[in-house]
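Following: one structure in structure tokens, then a few remarks.
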Amino acid sequence: MPFNGEKQCVGEDQPSDSDSSRFSESMASLSDYECSRQSFASDSSSKSSSPASTSPPRVVTFDEVMATARNLSNLTLAHEIAVNENFQLKQEALPEKSLAGRVKHIVHQAFWDVLDSELNADPPEFEHAIKLFEEIREILLSFLTPGGNRLRNQICEVLDTDLIRQQAEHSAVDIQGLANYVISTMGKLCAPVRDNDIRELKATGNIVEVLRQIFHVLDLMQMDMANFTIMSLRPHLQRQLVEYERTKFQEILEETPSEYNIMCIYIEIRLK
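In our numbering, each residue's number is its place in the sequence shown (first place is 1) plus 25.
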């Protein structure tokens, strides 16, 4: 019998012996295939009735997804640090003509303008300036090694915000003197590449501009510290990279319900 309207190649009505043989073999294979399908359907039916298969699918929370993304990012970062000798963190400045860049400039400028008006008011208002010195103190302390107790105590003593606030209440606070101390301390803690930035800070006369540039240089110093840490850790990561990646990736698979999807993401990141 023709299949899908096709004509038989041998004869008009009767199949050849070879066609009959092939047809018998095909029917036998089809019979085996149907038996396998019935067996599979039977197994699937019995499995679907088991208690485990009737349990609802696990719901993946947003926190779990973000935790997995962070783990993958850390894994990728560790790999990049170990294999790329030139890897460094860099500050990414927003394009000045972009919307985000303009908004950032306007917001920052408004903040410093308010600070300027407060410090030049009669009487001056020091609360915002005191909060800035509190933030500066915490950044300076983050640069210290565990053994730097002497400098730590000095920073905490000079930049004691409670004491500064009391001095401000009696109009006895010296904002310029505090800024000079901060600049001097930054000069002790910064890398040699920042020496010129420290000299420019010392030459700046306007106190608001001084505070503004202090934060800019502190950002650069934090980036320097991060890159120094990366350079120090690279030999250790190179020795431990294989074991670290194996262990970390196994943790990700155990914590993630869709191992296949995470593996695809990880492979994609590694190939970038």
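Note that beta-carbon positions come from the ideal geometry of N, C-alpha and C, so glycine has one too.
- Query: Quick one: Cα of residue 102 to Cα of residue 259, how far?
  - Reply: 11 Å
Does the pairing of the stretch 181-194 with the stretch 156-166 give three or more beta-carbon distances under 8 Å? yes
Return yes when the Cβ of residue 153 is within less than 8 Å of the Cβ of residue 140, no when it is not. yes
Can the beta-carbon of residue 207 be found less than 8 Å from the beta-carbon of residue 137? no
**Beta-carbon gap between residue 204 and residue 235 smaller than 8 Å** = yes
If you reduce the DSSP assignment to three classes, tell me which class residue 277 lands in. helix
Checklist entry - Using the beta-carbon count (16 or more within 10 Å), is residue 246 buried or exposed? => result buried
**Prompt:** Would the stretch 102-119 and the stretch 258-276 be scored as touching if the rule is three or more Cβ pairs under 8 Å?
**Reply:** yes
With a CB to CB cut of under 8 Å and the five nearest residues on each side skipped, what residues in its chain are close to residue 116? 244, 245, 248
* Asked: Which residues in the same chain as residue 210 place their Cβ atom closer than 7 Å to its Cβ, once the five residues preceding and following it in sequence are excluded?
  -> 165, 180
| query | Under the three-state reduction of DSSP, which class applies to residue 217: helix, strand or coil? | reply | helix
Task: Chain-order list of residues whose beta-carbon lies under 7 Å from that of residue 251 (same chain, five-residue window excluded) - done: 114
Inter-residue Cα distance where the pair is residue 266 and residue 170 = 26 Å
| residue 189 to residue 231, Cα distance in whole Å? | 20 Å
(message) By the three-class DSSP mapping on this structure, what secondary structure does residue 10 have?
(response) Only positions 26 to 297 of the chain appear in this structure, which leaves residue 10 out of reach.
If you drop the 5 nearest sequence neighbours on each side, which residues of the same chain put their C-beta closer than 6 Å to that of residue 118?
none
Own chain partners of residue 150 with C-beta closer than 7 Å, once the 5 adjacent residues on each side are dropped: 143
* To do: Could you check if residue 198 is buried or exposed, using at least 16 other CB atoms within 10 Å of its CB as the buried criterion?
  => buried
Hey, would you say residue 262 sits closer than 8 Å to residue 242, going by beta carbons?
no
- With a 10 Å radius around its C-beta and 16 neighbouring C-beta atoms as the bar for buried, classify residue 158 as buried or exposed. buried
Do residue 223 and residue 161 come within 8 Å of each other at the CB atom, strictly closer than that value?
no
Q: Name the residue from 254, 228, 122, 275 whose alpha carbon lies nearest to the alpha carbon of residue 216.
A: 254
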